[in-house]
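Student: Sequential numbering of the sequence shown, starting at 2, is according to the working numbering.
For every residue, glycine included, the Cβ atom is placed at its ideal position computed from N, Cα and C.
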Amino acid sequence: MRPASSEAGSADADGRELDLDVRGLRCDNCAASVEKTLRAVEGIDQARVSYALEQAWVRFDPAHIGTEAILSVIAEAGYEAHPRQAAGVDEDEARAVLAESEARDAARRRLRMVEGLVLSAAIMLLGMGPAIIGLPEFPGRMWIVCALTAIVQFHVGLEFYAGAARAARQRATNMDTLVALGSSVAFFYSATVLALDLDRALFPVYFESAAMIITLVMIGKFLEARGKREAGGAVRALLAQQPDWARVERDGETIELHVGDVQVGELIVVHPGEKIPVDGRVDSGESRVDEAMLTGESLPVAKHTGDLLFAGTMNQHGVLRFIALAVGEATALAGIVRLVREAQTTRAEIQGRVDRVAAVFVPTMIAVATLAGLVWWSVGSAHFFPAVHPVATGLLFAASTLLISCPCAMGLATPLALIAGTGVGARRGLLIKSARALEGTGDLSAIVLDKTGTLTLGRPRVVEVACAPGTSNEMLVRIAGGVERESEHPLARAIVAHAEELGIEPAEVAGLEAVPGRGVLGRVEGRDIRIGNRRSMEESGVELTSLADAARRASERGDTSVFVAIGDRAVGLFAIGDRPDPTAKITLERLRSLGLDITMLTGDEEASARAIARELDLPEASVIAGVLPGDKAAFIEALQARGEHVAMVGDGINDAPALATADIGIAIGSGTDVAIEAADVVLVGPDLSAVADAVVLSRRTLRTIRQNLFWAFGYNVAAVPLAAGLLVPIAGPGARLVPGIAALAMALSSLFVVSNSARLRRFDPSS
2 MRPASSEAGS ADADGRELDL DVRGLRCDNC AASVEKTLRA VEGIDQARVS
52 YALEQAWVRF DPAHIGTEAI LSVIAEAGYE AHPRQAAGVD EDEARAVLAE
102 SEARDAARRR LRMVEGLVLS AAIMLLGMGP AIIGLPEFPG RMWIVCALTA
152 IVQFHVGLEF YAGAARAARQ RATNMDTLVA LGSSVAFFYS ATVLALDLDR
202 ALFPVYFESA AMIITLVMIG KFLEARGKRE AGGAVRALLA QQPDWARVER
252 DGETIELHVG DVQVGELIVV HPGEKIPVDG RVDSGESRVD EAMLTGESLP
302 VAKHTGDLLF AGTMNQHGVL RFIALAVGEA TALAGIVRLV REAQTTRAEI
352 QGRVDRVAAV FVPTMIAVAT LAGLVWWSVG SAHFFPAVHP VATGLLFAAS
402 TLLISCPCAM GLATPLALIA GTGVGARRGL LIKSARALEG TGDLSAIVLD
452 KTGTLTLGRP RVVEVACAPG TSNEMLVRIA GGVERESEHP LARAIVAHAE
502 ELGIEPAEVA GLEAVPGRGV LGRVEGRDIR IGNRRSMEES GVELTSLADA
552 ARRASERGDT SVFVAIGDRA VGLFAIGDRP DPTAKITLER LRSLGLDITM
602 LTGDEEASAR AIARELDLPE ASVIAGVLPG DKAAFIEALQ ARGEHVAMVG
652 DGINDAPALA TADIGIAIGS GTDVAIEAAD VVLVGPDLSA VADAVVLSRR
702 TLRTIRQNLF WAFGYNVAAV PLAAGLLVPI AGPGARLVPG IAALAMALSS
752 LFVVSNSARL RRFDPSS
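1. So what does DSSP say about residue 384, is it helix, strand or coil?
2. Can the beta-carbon of residue 724 be found closer than 7 Å to that of residue 394?
3. Distance check for residue 285 and residue 223, CA to CA, integer angstroms please.
4. What's the call for residue 763, buried or exposed, on a 16-neighbour Cβ count within 10 Å?
5. Per DSSP, residue 669 forms a beta bridge with which residues?
6. So, residue 641 versus residue 650, is the Cβ gap smaller than 7 Å?
7. Look at the alpha carbon of residue 2 and the alpha carbon of residue 434, and state the distance between them as a whole number of angstroms.
8. Leaving aside the five residues before and after residue 469 along the sequence, list all residues of the same chain whose C-beta is less than 8 Å from its C-beta, in chain order.
9. Would you kindly work out how many angstroms separate the C-alpha atoms of residue 10 and residue 19, rounded to a whole number?
10. How many angstroms separate the CA atom of residue 553 from the CA atom of residue 691?
11. Straight-line CA distance for residue 854 to residue 309?
12. What does DSSP give as the partner residue(s) for residue 545 in the beta ladder?
13. I need the straight-line Cα distance from residue 161 to residue 181, nearest angstrom please.
14. Can you find the residues in the same chain that come closer than 8 Å, C-beta to C-beta, to residue 761, ignoring five residues on each side of it along the sequence?
15. For residue 210 and residue 125, what's the separation of their Cα atoms in angstroms?
16. Whether or not the segment 28-41 and the segment 356-365 are in contact is what I'm after, with contact meaning three or more pairs of Cβ atoms, one per stretch, closer than 8 Å; do they touch?
17. Go ahead and pull the three-state DSSP assignment for residue 131.
18. What does the alpha-carbon distance come out to for the pair residue 221 and residue 748?
19. With three or more beta-carbon pairs closer than 8 Å as the criterion, would you say the segment 549-568 touches the segment 585-597?
20. At what residues does the beta strand (DSSP E) containing residue 714 begin and finish?
21. In this structure, how does DSSP classify residue 446 when only helix, strand and coil are distinguished?
22. Between 416, 500 and 318, which has its C-alpha nearest residue 53's C-alpha?
23. In the structure shown, what three-state DSSP assignment does residue 88 receive?
24. DSSP beta-bridge partners for residue 309?
25. Would you mind sorting residue 687 into buried or exposed? The rule is 16 or more other CB atoms within 10 Å of its CB.
26. Give every residue of the same chain whose Cβ lies closer than 6 Å to the Cβ of residue 716, excluding the five residues on either side of it in the sequence, and list them in chain order.
27. Measuring CA to CA, which of 207, 392, 540 and 683 is closest to residue 432?
28. Which one or two residues does DSSP pair with residue 581 in a beta bridge?
29. Decide if the segment 610-624 is in contact with the segment 726-738; the criterion is three or more beta carbon pairs, one per stretch, under 8 Å apart.
30. Closer than 7 Å by C-beta to residue 90: which residues in its own chain qualify, once you throw out the five before and the five after it? Chain order, please.
31. Give me the Cβ distance between residue 582 and residue 457, rounded to the nearest whole Å; I'm assuming they're in contact under 8 Å.
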């Protein structure tokens, strides 16, 4: 997984990154060739090129090479590249330019396809009309057929010759090589027969096949391109949610600005029915906001003063005034788009094996076609086609073998399914960061879940305060509120919120130190204060006897006890309650039905953890309590040592080591940045059932990839021997394939992969 970059050419510790749109890629071999060329250039550290997306990503050292030089390298390889967002170019303008370019390309393909169809129909009518429908003969009929075929060959099919030439300059081969060779063999052989006026019975001509080869492959490429555009529709749909204008209050006036001109800290006004233009925090007003496009949450979310708003979501009812917190590429929407794009350009592990096969596929097919042609010319023709000249027979089988082999289907099998799967996830608030993450999520056998904020709502509140003799409630709340004030832990926030509710001013604290899993230390008015769970207190030698009854009551309720000590003396306890997430129970049932072994892993004491587990119908044997953050990672390593493929689901800083250790880390989107950065999958919304959705979606995507690969390889394994004539000795001369039928089969092979991947876009993982 590459680091997220805020824009094309963004700087990071290792260099700069560049996101490019690459035009002219004809098949996966082309993408592999460009990638190999880029990686060989001094100053380029990493490069990835996606044929399915027609995009490239490059990490480079600006001290050795610049953006223009990288573009020149790609241009010299025969392809056109443009930064996804060039410096000084408005992002909307860049998208509009790209859309216009794609529209022109689609229109050109459509025109060539129609030209090919019309001309091929005329060629078939003139060439085969006398024999089939009794069309009268007339002088020069076959020369007209030859001329029309030449137009199809070198005008409609020009891009195949150009693609083959580009590959040849890189000392490589691709799909265009096969099409150009196969159609050229059929055309030039037929033109030679016509020019030398050879006996047509002995030397049949294949003008119709030559024209149909180009036309059918052109139709296939047109439909394939449309399928690729539709597969990437999830990103375009997300980008379309971003409004162009924002209503900003400046100097007492409300003005409309382009969202690119909005500054952090400005006051934005949004009326009912309008989209939120940038991320921010509500300053005044109340409303409900539809966040479905971002989080997958079906119901509108109530918004009040202090609540967060996200760009692209829809304000439904009231007028909201909010302070802009993030604009442009810093918004949550932009981050999601970036993650989805990154995921779609990564390569699945299985794709590596496919790439190794594809690298030698075309040269192998050329060799097989040559061998088939030679065998039929030298041996087979006299036995099975005595009425046809051996040269004609050999060329027929050579051309058919070249044209039926289909590297495109193999190249598209994995990336198109990956693009569709990650797109479905993005629409449902599921961000799968890479192809590796998708593969890993589909292969899980065990899942470990944190309790607080994952299986529970993550909105704990103080339900009881118990004081040791000699300690007042006000003093306890004041001390604890001061020590916990800077912490992001949910339990700490509950204590601070309790102090605010009581109107108690938190104490001033010095020497604050947070020890993961062991609580917080600080000094208040010269006294050492320690706040933590039972285990941390006992390990520090703090006596808890005076608070035993209160701790027992908390455990029986399923609440968490947070102890406060001054020096080595316990002075009080906060019983903090948190209810199970409403979706947790059904999520665990779904995960169980998917065959996953489930464990709750928490730092809370055992009694409170088991109380929550009982509400979720989770067996006691599946509850591991009192675990330190480092021990969470060790527990996962122990599962992995047993051969389990493990996912960890969490939301906090304490979960980050375990998330990083697990085969797949799944972070709740409302969690900390550290947890989200460590995760492979991020749940943007609050619905825990998305964890099960992620597993179901990943398994379905992997199944689609396997179906595609089975078809792509199975097709070539079956079709190539058929085209080479291996069945003719068994089934007779009727078992041969003419080049036109071979080209049709090749086009249909790619279309199967495209359409099978397209089905995934309609898949609902929750059904």
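Tutor: Reading from the atomic positions:
1. Residue mapping note: residue 384 aligns to position 383 of the sequence shown, counting from 1. Correct three-state label for residue 384: helix.
2. Translated into the one-based positions of the sequence shown, residue 724 becomes position 723. Translated into the one-based positions of the sequence shown, residue 394 becomes position 393. Against a cut-off of 7 Å, the Cβ pair of residue 394 and residue 724 comes out as no contact.
3. The sequence position of residue 223 within the sequence shown is 222, counting from 1. The sequence position of residue 285 within the sequence shown is 284, counting from 1. Their Cα atoms are separated by approximately 52 Å.
4. As a working mapping, residue 763 is identified with position 762 in the sequence shown. Looking at its Cβ environment, which holds fewer than 16 other Cβ atoms inside 10 Å, residue 763 is exposed.
5. For the purposes of this step, residue 669 is taken as residue 668 along the sequence shown, with counting starting at 1. Looking at the DSSP assignment, residue 669 forms a beta bridge with 684.
6. Against the sequence shown, residue 641 aligns to sequence position 640. Against the sequence shown, residue 650 aligns to sequence position 649. No, the pair does not count as a contact, with Cβ atoms beyond the cut-off.
7. Position 1 of the sequence shown holds residue 2. Position 433 of the sequence shown holds residue 434. Reliability fails at residue 2, whose pLDDT of 31 lies under 50, so the model's placement of it is uncertain and no value is given.
8. Mapped onto the sequence shown, residue 469 falls at position 468. Result list for residue 469: 547, 548, 570, 571, 572 and 573, in chain order.
9. One-based indexing of the sequence shown puts residue 10 at position 9. One-based indexing of the sequence shown puts residue 19 at position 18. Interpretation of residue 10 is limited by its pLDDT of 41, a score under 50 that renders its predicted location unreliable; no figure is taken from the coordinates.
10. The count along the sequence shown starts at 1 and reaches residue 553 at position 552. The count along the sequence shown starts at 1 and reaches residue 691 at position 690. Roughly 35 Å between the two C-alpha positions.
11. Because the chain is modelled from 2 through 768, residue 854 falls outside the range shown and cannot be assessed.
12. The sequence position of residue 545 within the sequence shown is 544, counting from 1. Answer is none; residue 545 lacks a bridge partner.
13. Numbered from its first residue, the sequence shown carries residue 161 at position 160. Numbered from its first residue, the sequence shown carries residue 181 at position 180. For residue 161 and residue 181, the distance between alpha carbons rounds to 6 Å.
14. Counted from its first residue, the sequence shown places residue 761 at position 760. These residues qualify, in order along the chain: 418, 421, 422, 425, 701, 702 and 705.
15. The residue labelled residue 210 in the question sits at position 209 within the sequence shown. The residue labelled residue 125 in the question sits at position 124 within the sequence shown. Cα to Cα, residue 210 sits roughly 9 Å from residue 125.
16. yes
17. The sequence position of residue 131 within the sequence shown is 130, counting from 1. Of the three classes helix, strand and coil, the one that applies to residue 131 here is helix, per DSSP.
18. For this step, residue 221 is matched to residue 220 along the sequence shown. For this step, residue 748 is matched to residue 747 along the sequence shown. Near 5 Å, if we compare the C-alpha coordinates of residue 748 and residue 221.
19. no
20. As a working note, residue 714 is residue 713 in the sequence shown. Unbroken run through residue 714 is the alpha helix (DSSP H), 691-724; no beta strand (DSSP E).
21. Sequence index remark: in the sequence shown, residue 446 carries index 445 (1-based). Residue 446: coil per DSSP, three-state reduction.
22. Within the sequence shown, the letter at position 52 stands for residue 53. The shortest Cα separation from residue 53 among 416, 500 and 318 belongs to 416.
23. Against the sequence shown, residue 88 aligns to sequence position 87. At residue 88 the pLDDT is 42, less than 50, meaning the model places this residue with poor confidence; the figure from the coordinates comes in the next sentence. Residue 88: coil per DSSP, three-state reduction.
24. Along the sequence shown, read from residue 1 onward, the residue named residue 309 stands at position 308. The partner list for residue 309 (beta bridge, DSSP) reads 282.
25. Numbered from its first residue, the sequence shown carries residue 687 at position 686. Counting Cβ neighbours within 10 Å, residue 687 comes out buried, since at least 16 surround it.
26. Position 715 of the sequence shown, counted from the start, is the residue given in the question as residue 716. Cβ neighbours of residue 716 beyond the five flanking positions: 750.
27. Counting from one through the sequence shown, the residue named residue 432 turns up at place 431. When only C-alpha atoms are compared, the closest one is 683.
28. As a working mapping, residue 581 is identified with position 580 in the sequence shown. DSSP, once it has assigned bridges, lists 457 as partnering residue 581.
29. no
30. In the sequence shown, residue 90 corresponds to position 89, counting from 1. Any reading at residue 90 must be qualified, since the residue scores a pLDDT of 42, below 50, and its modelled position is unreliable; the value itself is stated next. There are no such residues.
31. Taking the first residue of the sequence shown as position 1, residue 582 is located at position 581. Taking the first residue of the sequence shown as position 1, residue 457 is located at position 456. Contact holds; Cβ gap of about 6 Å.
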